Amino acid sequence: MKSLLALAFASVTVHAANSTDWPRFLGPTGAAIVTESKVPLKWSDSENIVWKAEMPGPGSSSPIVHGDKVFVTCWTGYADKEGANDMSKLTRHLICLNRADGKVLWDAPVPSAAAEDPWQGFITEHGYATHTPVTDGERVYVFFGKSGALAFDMQGKQLWQTSCGTGSGRMRWGSAASPILAGDVLVVNASDEAQAIIGLDKKTGKIVWKAEGEFGMAYGTPNVFQRDGVTDLVIAVPQELWGLNPETGKLRWYAVHGLSGNVSPSVIPGGDTAYVFGGYPATRSTAIKLGGKGDITANAILWSSNTSSYVPTPILKDGHLYVVNDQGFATCIDAKTGQDVFRERVIEGGGGGAGGGRRGGGGKPFYASPVLIGDKLVCVSRKNGAYIIAAKPKFELIGHNVLSLDNSQFNATPAVSGDQLLLRSEKAVYCIGTK
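Going by my numbering, the sequence shown opens with residue 2, and the numbers climb by one from there.
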């Protein structure tokens, strides 16, 4: 079994080397880093738009890319437009687009299998299609909250559907974490639905393991860390960082980081160190040295800081952590010491800009995580366009791009495929590139 899993992990690593593929949330390694690309960093309604694909409904999930196909999710039937008040009609969609021209190749609708949290409160901030798909090149996997996890072949045929729980957290905010692949295991953060992290056989959908516990509000996407020949499945939950065996779901180690409340950003990989951001009511950040057994807190906490991000996941570049946080401040932290390098406001006031109709909006101007292309950060705001910022220890705003004809919200982190950027709003997917 261990030999097979080792081969499976190796195949994932080889597959991720394809520069045109963006197979999961935050890219091949979950770090949202592209070292080389000729993506144009200036665009508008009439400039550097290769194609635009209208969506049948809204969504906050990110596009993913494999070969000549783009996959994205959305929802229809309930709370997607005025008068759509019947929850029984809620339907999610997995849509496949032609990467060359954005044309819809197929649309796989999935009727809701269980009642979701109602359209009120903070669920209006992100909706019912927030989890980004993941693909291994043979199948596409999605997680649709209380409707479970599903697998489709590359032609849109549904292969299996497995419930991952139908419960709700006490706030009834819905869930948002994206599934990932760890070898032949599809890992789902179902902390909201089942108070569990669940591992499923990717070929059959059978539940292989469940890591259950009092997760609280853990909304981040897990990640796979490899060090010294050991593969850990790492996830941040309120108060603790966990390292699990991805084969069995067993807890190998944990560290008490003290971030309370909901933890939304994904854990940032940094070699033998993990960086954790989030928490509520006060956001914080911390650096934790990985590895060991049991409670590793005493020797693992490298630093803690009050500078943080509530939703967007930061980028690690050349010993510094960068993010435009949900309050609209561009921040840079020294990854070795945790000291602030800069903190500059890039957007004035709450959400600002064009409203999102009956959709939520709140006062947080950034939900999307930044993407690093070379030495520049693409930071997409919800209503005020995308900011291009230099990834260096001195703040430099390079550009600001706005699609003025789209007044919906841009909650999704963009994907990068070769020399093109895939930008997703609640109305459409845009391919940014040179024609």
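For every residue, glycine included, the Cβ atom is placed at its ideal position computed from N, Cα and C.
Because the structure is a prediction, the values reported are computed rather than measured.
If you draw a 10 Å sphere on the C-beta of G295, you find fewer than 16 other C-beta atoms in it, and that means exposed.
Inclusion of K203 and Y142 in the CB contact set at 8 Å is warranted, their separation being smaller than that value. Residue range S192 to A195 is occupied by the alpha helix (DSSP H) that includes D193. For A391, the enclosing beta strand (DSSP E) has its first and last residue at A387 to A391. When DSSP reads this structure, Q162 sits in a beta bridge with L151. Excluding residues up to 5 positions away in sequence, P266, S267 and S370 lie with their Cβ nearer than 6 Å to the Cβ of T314 in the same chain. Membership of T77 in the beta strand (DSSP E) is indicated by the continuous run K70 to T77.
The Cβ-Cβ distance between K290 and T308 does not fall below 8 Å.
In this structure, the straight-line span from the alpha carbon of S176 to that of K384 is close to 22 Å. Burial is judged here by how many other beta carbons sit within 10 angstroms of a residue's own beta carbon; M56 has at least 16 and is buried. Here L234 is buried: its Cβ has 16 or more other Cβ atoms, across all protein chains shown, within 10 Å.
Separation of A33 and I389 (C-alpha to C-alpha, rounded to the nearest whole angstrom) is 15 Å. Relative to I198, the option among G166, Q227 and M172 whose CA is nearest is G166. Minimum Cα-Cα distance from T92 among the listed residues P112, L106 and K104 corresponds to P112. Between the alpha carbons of D46 and A195 lies a gap of roughly 43 Å. Checking the DSSP bridge columns, you'll see I34 partnered with L373. The DSSP-derived three-state label of I236 is strand.
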